[in-house]
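A.B. asks: Here the working numbering is used: the first residue of the sequence shown is 2, the next is one more, and so on.
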Amino acid sequence: MRSHLLNDTTAEYYRRSVTEGVERVAAKLAATDRPFTGVTVDALAPRIERIDLDTPLHDTAAVLDELEDVYLRDAIYFHHPRYLAHLNCPVVVPAVLAEAILTAVNSSLDTWDQSAGGTLIERKLVDWTTERIGLGPAADGVFTSGGTQSNLQALLLAREEAKTEVLADLRVFASEVSHFSVKKSAKLLGLGEDAVVSVPVDQDKRMQTLALARELERCEQDGLVPMAVVATAGTTDFGSIDPLTEIAELCDRYGTWMHVDAAYGCGLLASLKHRDRLTGIERADSVTVDYHKSFFQPVSSSAVLVRDARTLRHATYHAEYLNPRRMVQERIPNQVDKSLQTTRRFDALKLWVTLRVMGADGVGQLFDEVCDLAAEGWKLLAADPRYDVVVEPTLSTLVFRHIPAGVTDPAEIDRANLYARKALFASGEAIVAGTKVNGRHYLKFTLLNPETTIGDIAAVLDLIAGHAEQYLGESLDRAS
Numbered sequence: 002m003r004s005h006l007l008n009d010t011t012a013e014y015y016r017r018s019v020t021e022g023v024e025r026v027a028a029k030l031a032a033t034d035r036p037f038t039g040v041t042v043d044a045l046a047p048r049i050e051r052i053d054l055d056t057p058l059h060d061t062a063a064v065l066d067e068l069e070d071v072y073l074r075d076a077i078y079f080h081h082p083r084y085l086a087h088l089n090c091p092v093v094v095p096a097v098l099a100e101a102i103l104t105a106v107n108s109s110l111d112t113w114d115q116s117a118g119g120t121l122i123e124r125k126l127v128d129w130t131t132e133r134i135g136l137g138p139a140a141d142g143v144f145t146s147g148g149t150q151s152n153l154q155a156l157l158l159a160r161e162e163a164k165t166e167v168l169a170d171l172r173v174f175a176s177e178v179s180h181f182s183v184k185k186s187a188k189l190l191g192l193g194e195d196a197v198v199s200v201p202v203d204q205d206k207r208m209q210t211l212a213l214a215r216e217l218e219r220c221e222q223d224g225l226v227p228m229a230v231v232a233t234a235g236t237t238d239f240g241s242i243d244p245l246t247e248i249a250e251l252c253d254r255y256g257t258w259m260h261v262d263a264a265y266g267c268g269l270l271a272s273l274k275h276r277d278r279l280t281g282i283e284r285a286d287s288v289t290v291d292y293h294k295s296f297f298q299p300v301s302s303s304a305v306l307v308r309d310a311r312t313l314r315h316a317t318y319h320a321e322y323l324n325p326r327r328m329v330q331e332r333i334p335n336q337v338d339k340s341l342q343t344t345r346r347f348d349a350l351k352l353w354v355t356l357r358v359m360g361a362d363g364v365g366q367l368f369d370e371v372c373d374l375a376a377e378g379w380k381l382l383a384a385d386p387r388y389d390v391v392v393e394p395t396l397s398t399l400v401f402r403h404i405p406a407g408v409t410d411p412a413e414i415d416r417a418n419l420y421a422r423k424a425l426f427a428s429g430e431a432i433v434a435g436t437k438v439n440g441r442h443y444l445k446f447t448l449l450n451p452e453t454t455i456g457d458i459a460a461v462l463d464l465i466a467g468h469a470e471q472y473l474g475e476s477l478d479r480a481s
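(1) Am I right that SER302 and CYS90 are in contact with their C-beta atoms under 8 Å? What's the rounded C-beta distance?
(2) Taking the straight line between their C-alpha atoms, what separation do you get for ASP309 and ALA140?
(3) Restricting to Cα atoms, I'd like to know which of TYR78, ASN8 and VAL40 is closest to VAL26.
(4) Could you check which residue in ALA155, ASP203 and LYS164 has the C-alpha nearest to that of SER182?
(5) Quick one: any contact between the region 225-232 and the region 365-385, if contact means 3 or more CB pairs under 8 Å?
(6) ASP262 and ASN152 look like a contact to me (Cβ under 8 Å); what is the Cβ gap, rounded to whole Å?
(7) I'd like the list of long-range same chain contacts for VAL127, defined as Cβ closer than 6 Å, with 5 residues on each side in sequence excluded.
(8) Is the CB-CB distance between GLY429 and PRO36 below 8 Å?
(9) Distance check for ILE248 and LEU110, CA to CA, integer angstroms please.
(10) Where GLY193 and VAL178 are concerned, what is the direct C-alpha to C-alpha distance, given to the nearest angstrom?
(11) Going by DSSP, which residues form a beta bridge with GLY435?
(12) Relative to the alpha-carbon of TYR72, which residue among THR38, SER108 and LEU396 has its alpha-carbon at the smallest distance?
(13) Which residue wins for smallest C-alpha separation from LEU214, given the options ASP253, GLY240 and GLN330?
(14) Can you give the Cα-Cα distance for GLY474 and LYS185, rounded to whole angstroms?
(15) So PHE368 packs on ALA271, CB below 8 Å; how close in whole Å?
(16) At what residues does the beta strand (DSSP E) containing VAL173 begin and finish?
(17) So for HIS403, helix, strand or coil by DSSP?
(18) Do you know offhand how far ASP1's Cα is from VAL391's?
(19) I need the DSSP call for MET328, collapsed to helix, strand or coil.
(20) Determine the direct distance from the alpha carbon of THR112 to that of ASP389, and round the result to whole angstroms.
(21) Which one of PRO405, ASP114, GLN366 and LEU444 has the shortest CA to CA distance from THR398?
(22) Report, in whole angstroms, the separation of the C-beta atoms of THR205 and SER241, which I expect to be a contact under 8 Å.
(23) Could you please give the first and the last residue of the uninterrupted alpha helix (DSSP H) stretch that includes ASP53?
(24) How would you call ASP286, buried or exposed, if buried means at least 16 neighbouring beta carbons within 10 angstroms?
(25) Using the Cβ count rule (16 or more neighbours within 10 Å means buried), how would you classify ALA63?
(26) Please list the terminal residues of the continuous beta strand (DSSP E) segment that includes LEU306.
(27) Under 8 Å between C-beta atoms, does LEU425 make it to chain B?
(28) Tell me which residues share the same chain as ALA86 and place their Cβ nearer than 7 Å to its Cβ, disregarding the 5 neighbours each side in the sequence.
(29) Counting C-beta neighbours from all protein chains within 10 Å, is the total for GLN150 16 or more, i.e. buried, or is it exposed?
(30) Report the rounded CA-to-CA distance for GLY456 versus GLY363, giving the unit in angstroms.
(31) Cα-Cα, which of GLY268, ALA105 and ALA264 is closest to ALA361?
(32) Need the endpoints of the alpha helix (DSSP H) that THR355 sits in, please.
(33) When the Cα atoms are used, what is the spatial distance from LEU171 to VAL371?
(34) Would you kindly report the start and end of the unbroken alpha helix (DSSP H) that includes PRO1?
(35) Here's the rule: buried if 16 or more other CB atoms are within 10 angstroms of the residue's CB, otherwise exposed. What is ILE49?
(36) What separation, rounded to the nearest whole angstrom, lies between the Cα atoms of THR312 and LEU158?
Here is the structure:
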């Protein structure tokens, strides 16, 4: 079995095996004509269940054949222009190349003696990002597994900086459409979900600063501690960006930590046209960025950034076998000193290779394209009597609802939209997401593929309308 270990004696086996796999995936990508086959759980589960993991095939080609049957054939392909559902982006080739490199070398980014150059590359990218944000010369940060972990670490730092041992007194303020990880983080940090104060949003789904001011004032009057305000730069449902400058003013007034969840909107840091939409982010105490959303990177690639590097000490623990305290005096850079994770992939390499091949302007141009496409899509929806569209997009998300002609019952309209989404997914022709607005079911396009055209959007809208009308027709038949 040593023949399967990657080393100097198996370099040719490695080259041959990886090439076989790449050729299979390349062929699949070239032949994919829809984002999904429409396979059901009941059809796919037995194929996987009957595989005996204790009986190996002993042949790479046979394993790839099997993988075609249980995964590649029915995978969701985000690169297809009619995948319009969640915050999953098509990935750029330089990042995929880097993924292959980092996986084979298998550096762990927790300590210098496991990563060397990888440590310095990650630190350089953190500096590059904090400079783009404008956090100042004392800024720092670390790569994470994703926005949820980044938000958790940011709120951990905010909790410690609040300097109170009475956790029940701490309050976190976030808009009513902020990411669920804010409440999840509060629970993990011992605060409880009730510690998160939900602030109303305006008609554009942006946090109302007057309401935030009232809540901060009430918090102070009640003798509680305003631990943090979480402003969102790109909400998951609407792509809305909270008024960052006004929120920063309130945070200054009340001495409150300002965290900006820019997991989605961070693509604007490279934008050639829309960077001003992030004005105010430079005043944050911490920022979450997900390069695997709007920088077109493979999962996972995220980071948490802070204005004051010293605050990262709240995540620092020393172990003699790993990062003893003496290493700090010896100026040995161990990234585990900043991270909630210990063993950690060299995910920063993907962004590094992308920037070295494409440049930041190249990435920004791609994100600008999807933002501009969303603006076109909004005009199309606003002019279409079959649809109600919620807000004009700030980023690349469109939330809308099919309104069948002659149907006034909101519950029936809900059912028609739910059916249309499910039927569309089953067909495999396109994939869209869904959410609720004011208790009603809506559909959602999350546009992150520059290959998607306004023609694709129009075609998918026709498909949705067709499925909804089919449901209503069948409903009438059943009623009669």
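For glycine and all other residues, C-beta sits at the position ideal for the given N, C-alpha and C.
C.D. replies: This is what the structure holds:
(1) Taking the sequence shown and counting its residues from 1, the one referred to as residue 302 is at position 301. Taking the sequence shown and counting its residues from 1, the one referred to as residue 90 is at position 89. Not really, about 11 Å apart at Cβ, beyond 8 Å.
(2) Position 308 of the sequence shown, counted from the first residue, corresponds to residue 309. Position 139 of the sequence shown, counted from the first residue, corresponds to residue 140. One C-alpha to the other measures close to 5 Å.
(3) The sequence position of residue 26 within the sequence shown is 25, counting from 1. Closest option to VAL26, Cα to Cα, is TYR78.
(4) For this step, residue 182 is matched to residue 181 along the sequence shown. Ranking ALA155, ASP203 and LYS164 by CA distance to the CA of SER182 puts ALA155 first.
(5) Judged by Cβ distances under 8 Å, the region 225-232 makes no contact with the region 365-385, as fewer than three pairs qualify.
(6) Counting from one through the sequence shown, the residue named residue 262 turns up at place 261. Counting from one through the sequence shown, the residue named residue 152 turns up at place 151. Yes, ASP262 and ASN152 are in contact; Cβ-Cβ is about 6 Å, under 8 Å.
(7) Mapped onto the sequence shown, residue 127 falls at position 126. Closer than 6 Å at the Cβ level, and outside the excluded window around VAL127, lie GLY142.
(8) In the sequence shown, counting from the first residue as 1, residue 429 sits at position 428. In the sequence shown, counting from the first residue as 1, residue 36 sits at position 35. Yes.
(9) Within the sequence shown, the letter at position 109 stands for residue 110. Within the sequence shown, the letter at position 247 stands for residue 248. If I take the Cα positions, the gap works out to 35 Å.
(10) Taking the first residue of the sequence shown as position 1, residue 193 is located at position 192. Taking the first residue of the sequence shown as position 1, residue 178 is located at position 177. Spanning the two alpha carbons is a distance of roughly 18 Å.
(11) Translated into positions along the sequence shown, residue 435 becomes position 434. Answer by DSSP bridge pairing, in chain order: LEU444.
(12) Locating residue 72 in the sequence shown gives position 71, counting from the first residue. Nearest of THR38, SER108 and LEU396 to TYR72, Cα basis: THR38.
(13) Translated into the one-based positions of the sequence shown, residue 214 becomes position 213. Sequence inspection shows Ala at residue 214; the Leu mentioned does not correspond to that position. Relative to ALA214, the option among ASP253, GLY240 and GLN330 whose CA is nearest is ASP253.
(14) To locate residue 474, count along the sequence shown from 1; it is residue 473. To locate residue 185, count along the sequence shown from 1; it is residue 184. A straight-line Cα-Cα distance of about 42 Å links GLY474 and LYS185.
(15) On the sequence shown, residue 368 is found 367 positions in, with the first residue counted as 1. On the sequence shown, residue 271 is found 270 positions in, with the first residue counted as 1. With a contact defined as Cβ atoms closer than 8 Å, PHE368 and ALA271 qualify at about 7 Å.
(16) Counting from 1 along the sequence shown, the entry for residue 173 is found at position 172. Residues 171-176.
(17) As a position in the sequence shown, residue 403 is number 402, starting the count at 1. Assignment of HIS403 by DSSP, reduced to helix, strand and coil, places it in the strand class.
(18) The requested residue 1 does not occur in the structure, where the chain is confined to residues 2 to 481.
(19) Position 327 of the sequence shown holds residue 328. Looking at MET328 - three-state DSSP - the assignment turns out to be helix.
(20) The residue you call residue 389 lines up with position 388 of the sequence shown. The residue you call residue 112 lines up with position 111 of the sequence shown. Taking the CA atoms as reference points, ASP389 sits about 53 Å from THR112.
(21) Reading the sequence shown from its first residue, position 397 is the one you call residue 398. Minimum Cα distance to THR398 is reached at LEU444.
(22) In the sequence shown, the residue the question calls residue 205 occupies position 204. In the sequence shown, the residue the question calls residue 241 occupies position 240. First, the amino acid is wrong: residue 205 is Asp here, not Thr. Yes, ASP205 and SER241 are in contact; Cβ-Cβ is about 6 Å, under 8 Å.
(23) In the sequence shown, residue 53 corresponds to position 52, counting from 1. First-last for ASP53: undefined, no H or E at that position.
(24) Counting from one through the sequence shown, the residue named residue 286 turns up at place 285. The residue in question, ASP286, is buried, as its Cβ has 16 or more Cβ neighbours within 10 Å.
(25) Against the sequence shown, residue 63 aligns to sequence position 62. Under the 10 Å beta carbon count, ALA63 is surrounded by fewer than 16 other beta carbons and is classified as exposed.
(26) Within the sequence shown, numbered from 1, the residue matching residue 306 stands at position 305. Bounds of the beta strand (DSSP E) holding LEU306 are 303-307.
(27) Note that chain B does not occur in the displayed structure, where there is just one protein chain.
(28) The count along the sequence shown starts at 1 and reaches residue 86 at position 85. Answer for ALA86: ILE432, VAL433, ALA434 and THR447, listed in chain order.
(29) Stepping through the sequence shown from its first residue, residue 150 is reached at position 149. That one is buried.
(30) As a first step, residue 456 must be located in the sequence shown, where it is residue number 455. As a first step, residue 363 must be located in the sequence shown, where it is residue number 362. GLY363 has its alpha-carbon roughly 24 Å from the corresponding atom of GLY456.
(31) Within the sequence shown, numbered from 1, the residue matching residue 361 stands at position 360. Considering only alpha carbons, the answer is GLY268.
(32) To locate residue 355, count along the sequence shown from 1; it is residue 354. In the DSSP assignment, THR355 falls within the unbroken alpha helix (DSSP H) covering 349-383.
(33) Taking the first residue of the sequence shown as 1, we reach residue 171 at position 170. Taking the first residue of the sequence shown as 1, we reach residue 371 at position 370. The straight-line gap separating the alpha-carbon atoms of LEU171 and VAL371 is approximately 39 Å.
(34) The requested residue 1 is not part of the displayed model; the chain covers only 2 to 481.
(35) Walking along the sequence shown from the start, residue 49 turns up at place 48. When all chains shown are included, ILE49 counts as exposed.
(36) Position 311 of the sequence shown holds residue 312. Position 157 of the sequence shown holds residue 158. Approximately 6 Å between the Cα atoms of the pair.
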